[in-house]
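Here's the structure we're looking at; comments come further down.
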Amino acid sequence: MYKLIKPIFFQFDPESIHYFVTRNLKRFNRVPGGAAVSRAVWDIKDHRLEKEVFGLKFINPVGLAAGFDKNGEVISEMANLGFGFIEVGTVTPLPQPGNPKPRMFRSPREKALINRMGFNNLGVDVVAGRIAAYRKKQPSAQKGLIIGGNIGKNKNTPNEDAVSDYIKCFDRLFDVVDYFVVNVSSPNTPGLRELQEKGPLMAILNTLQQRNNKTGISRPILLKIAPDLTNEQLDDIVEIVQESKIAGVIATNTTIDKSSLSNPILKEEAGGLSGAPLTRRSTEVIRYLTDKSNGSFPIIGVGGIHSAEDALEKLEAGASLVQLYTGFIYEGPGLIKKINKKLLS
């Protein structure tokens, strides 16, 4: 069915059609029996898919990457499509509109997206409230769904004060999410990637870890990294994870390298590239980190997963879990089911 409607969707602006689809998914979910139909068509429940990673039990290893549900609006709807975990965000302390539109572009020939959204979100208070509301009325069919909180800094917060923004998001989301992701690797907030350097990054992670261990209850903290890091910088990432004792890494975010694109206009668009052009590089990063660290910390693999084979390749390279975004848009919700079926076989 998705193959029939995708050409229609792709006639419209990517951001506009995203909100059209999510609005209608919510409407369908509210129709009597609608949620049950979604689960029956797309979801697979099988205990053999369960996996324990950084102390959390995942009902299956296929998650929705951050960026799709920035404001915690469609958690239930995405769970009904078969995702084993949902990552909400990126969330900032204060609401912000993000970058001027248009800010998302398709490259169908390469099965890719370019986005320069700029952390557009309604702010951490709204997002925390929505996740809390979901928790209160969580359907029994979604029992065990893991929710992550991807946190960042506001555009106007200078880098020297960035840690305060991460603290605000961490404290506000602590009671409603199962794990955290520190996002310092988006190319769409000016200067943000400078926080990937060892000094400022250690300051952020150590501060969050101190707060994490205060009450006797802690949440796994992961670091999301860019695919554009050199091997020397990846060596630093391994040291940072081991020294800060965070739970693991998400590899990778979008890339600023657009050399794979055939459209010269798209090559000049600012923003991060995701999708099939990232498949090989994200897997290389996963394999490098796994080898360099001797598998000492878990990795969530994301980037260019458009088939069950792509997902399996990342798991074989060392990832414990995988996440979808661009592949989900190009291939449809059937991709989740195909990956889980492949793992069962």
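Under the numbering used here, the residue at position 49 of the sequence shown is numbered 41, and the numbers go up by one with no gaps. Ideal placement from N, C-alpha and C gives every residue a C-beta, glycine not left out.
Query, Result
"Residue nearest to Lys49 in terms of C-alpha spacing, selected from Tyr322, Thr181 and Leu313", "Leu313"
"Touch test, the segment 253 to 266 against the segment 91 to 102, Cβ-Cβ under 8 Å, three pairs minimum", "yes"
"Where the beta strand (DSSP E) containing Arg98 begins and where it ends", "Met96 to Ser99"
"Asp61 and Val80 closer than 8 Å at C-beta", "yes"
"Residue span of the alpha helix (DSSP H) that contains Thr247, given as start and end", "No alpha helix (DSSP H) contains Thr247, which DSSP labels as neither H nor E."
"Glu261, DSSP secondary structure in three states", "coil"
"Cα-Cα separation, Arg19 to Pro89", "25 Å"
"For Gln202, the residue or residues it bridges with in DSSP", "For Gln202, which the question treats as bridged, DSSP gives no partner whatsoever."
"Option nearest Asn113 by Cα separation, candidates Pro94, Gly144 and Val173", "Gly144"
"CB contact flag (Ala104, Thr318, <8 Å)", "yes"
"Collapsed DSSP secondary structure at Glu44 in the structure displayed", "strand"
"Secondary structure, alpha helix (DSSP H): runs of 4+ residues fully inside the segment 103 to 181", "116 to 128 and 154 to 165"
"Per-residue DSSP class, three states only, for Ile36", "coil"
"Own chain partners of Gly25 with C-beta closer than 6 Å, once the 5 adjacent residues on each side are dropped", "none"
"Selected residue, minimal CA-CA separation from Arg127, among Glu323, Gln202 and Glu65", "Glu65"
"Neighbourhood of Ser266 by C-beta, 6 Å cutoff - its chain only, sequence neighbours within 5 removed", "Leu105, Thr246 and Thr318"
"Where Phe2 falls, given that 16 or more other Cβ within 10 Å makes a residue buried", "exposed"
"Cβ pair Leu226, Val174 closer than 8 Å", "no"
"Segments of 3+ residues assigned as beta strand (DSSP E) that fall wholly inside the segment 62 to 95", "77 to 83"
"Where Pro85 falls, given that 16 or more other Cβ within 10 Å makes a residue buried", "buried"
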